[in-house]
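Quick note on numbering: the UniProt record's numbering labels position 197 of the sequence shown as 197, and the sequence is numbered without any gaps. Yeah, the Cβ is synthetic: ideal placement off N, Cα and C, and Gly gets one too. Down below is the structure, laid out as structure tokens.
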Amino acid sequence: MRVAIAGGTGFLGSVLAGLLEDNGHEVLILTRRPAAGNSRLIGYLTDGARPEQELGPVDALVNLAGTSINSGRWTERRKQDILTSRIAATDEVVRIIRSMKNKPGVLVNASAIGLYPTSETAIYNEEGPAGNDFLADVVKTWEHRAAEARKDGVRTVFMRFGVILGKDEGALPLIALPYRLFAGGTVGSGRQWVSWIHVLDAARAILFAIENEAVSGAVNAVAPNPLRMKDFGRSVGRVLGRPHFLPVPAFALKAALGEKSKLVLEGQRVAPSKLGRHGFRFRFPDADEALRDILISE
Numbered sequence: 001m002r003v004a005i006a007g008g009t010g011f012l013g014s015v016l017a018g019l020l021e022d023n024g025h026e027v028l029i030l031t032r033r034p035a036a037g038n039s040r041l042i043g044y045l046t047d048g049a050r051p052e053q054e055l056g057p058v059d060a061l062v063n064l065a066g067t068s069i070n071s072g073r074w075t076e077r078r079k080q081d082i083l084t085s086r087i088a089a090t091d092e093v094v095r096i097i098r099s100m101k102n103k104p105g106v107l108v109n110a111s112a113i114g115l116y117p118t119s120e121t122a123i124y125n126e127e128g129p130a131g132n133d134f135l136a137d138v139v140k141t142w143e144h145r146a147a148e149a150r151k152d153g154v155r156t157v158f159m160r161f162g163v164i165l166g167k168d169e170g171a172l173p174l175i176a177l178p179y180r181l182f183a184g185g186t187v188g189s190g191r192q193w194v195s196w197i198h199v200l201d202a203a204r205a206i207l208f209a210i211e212n213e214a215v216s217g218a219v220n221a222v223a224p225n226p227l228r229m230k231d232f233g234r235s236v237g238r239v240l241g242r243p244h245f246l247p248v249p250a251f252a253l254k255a256a257l258g259e260k261s262k263l264v265l266e267g268q269r270v271a272p273s274k275l276g277r278h279g280f281r282f283r284f285p286d287a288d289e290a291l292r293d294i295l296i297s298e
């Protein structure tokens, strides 16, 4: 297959590109910074860029582009950038599809479990209700814009990622740092849920959605065994051989991070129901195994 990825040089995108190439597929990267002489990198979202003229026929388009929600305090300007970066990339991907004579068979568009309300008791599958906070509003708009591709007959998948665990990027390096310094412990109440996924399984879920024509609409990309924050922290400490004893009170995080503190102080218990129904097998279904692979493997 020929697969084009917007956001293909980022945290998840680079893992996905490697996985696709390892499986014999051709990868094209949509980027704001194409390199002269590199036909794999195709410019988009810049003045004069016409990626549809360079792409040629593609079997699948994957959109992972957007400003990270993990970096920087959530000022009003930052929140606007989180939203507009996703909408601009998604609208451009839909425009590219619309202008192509031969449409791709599928669009896999990144989304997030931040759509669901935070809860310590509910379990959300893909039919779960939407929340009404900032992240939920971003996801609703994001998915609505991506759904425009359906009007061109393109199967569309909204990949609702949980907390993606990786070695150098995402949330895990910050979570693991206090443990490495012998200062790890329960964050907030510790009862909030962490619905996580190993970055390799996140990439494998995208490939699975591309290859399986029966998969469409919302897909929860989370491991089947979420943990409460206190148990997730204990798992990090256990894998690193560090104690779990120094609590981080909610008020301290709220003072330090402002509204963004909700990412760690509140959570959702999310089930990968659709992936399970279609037979997806997780490489890392349990947190200890996933964390060992990321934190102590060379």
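Got a sec, what are the start and stop residues for the beta strand (DSSP E) SER111 sits in?
-> Per DSSP, SER111 belongs to the beta strand (DSSP E) from 106-112.
Determine the contact status of VAL239 and ARG292, defining contact as a CB-CB distance below 8 Å.
-> A distance below 8 Å separates the beta carbons of VAL239 and ARG292.
Beta-carbon spacing of GLN268, ILE113 below 8 Å = Going by C-beta atoms, GLN268 is nearer than 8 Å to ILE113.
Span of the alpha helix (DSSP H) around GLY217 | Taken as a continuous stretch (DSSP letters only), GLY217 belongs to no alpha helix (DSSP H), being part of the beta strand (DSSP E) at 217-221.
Report the option in TRP193, ASP81, ARG204 whose CA atom is closest to the CA atom of THR121.
-> With distances taken between Cα atoms, THR121 lies closest to TRP193.
Would a C-beta distance cut-off of 8 Å place ASP81 and THR67 closer than the cut-off?
-> Their beta carbons are under 8 Å apart, which means ASP81 touches THR67 by this criterion.
Residues sharing a beta bridge with MET159, DSSP = Bridge partners of MET159: ALA110, VAL219.
Thinking LEU227 and GLY184 are a contact (beta carbons under 8 Å), I'd like their distance in whole angstroms, please.
-> Actually they are not in contact, since the Cβ atoms of LEU227 and GLY184 sit about 15 Å apart, beyond 8 Å.
C-alpha gap between GLU298 and ARG40, whole angstroms = Low per-residue confidence applies at GLU298: pLDDT is 49, beneath 50, and the placement is therefore not dependable enough to give any value.
Would a C-beta distance cut-off of 8 Å place LEU55 and ARG204 closer than the cut-off?
-> No.
On the three-pair Cβ rule with 8 Å, is the segment 99-117 touching the segment 45-64?
-> Cβ pair count under 8 Å is three or more, so yes.
Strand pairing of ILE5, partner residues [DSSP] | In the DSSP output, where bridge partners are listed per residue, ILE5 has ILE29, VAL62.
Three-state class that DSSP yields for GLU289 in the structure shown = GLU289 falls in the helix class under three-state DSSP.
Nonlocal neighbours in the same chain, by C-beta distance under 6 Å from ARG155, ignoring five residues either side = Around ARG155: VAL106, SER216.
Touch check for the segment 166-174 and the segment 3-23: three-plus C-beta pairs under 8 Å?
-> Under the 8 Å Cβ criterion, the segment 166-174 counts as touching the segment 3-23, having at least three qualifying pairs.
ASP47 burial status per 10 Å Cβ neighbour count (16 or more: buried) = Counting the other CB atoms within 10 Å of its CB gives ASP47 a total below 16, which places it among the exposed residues.
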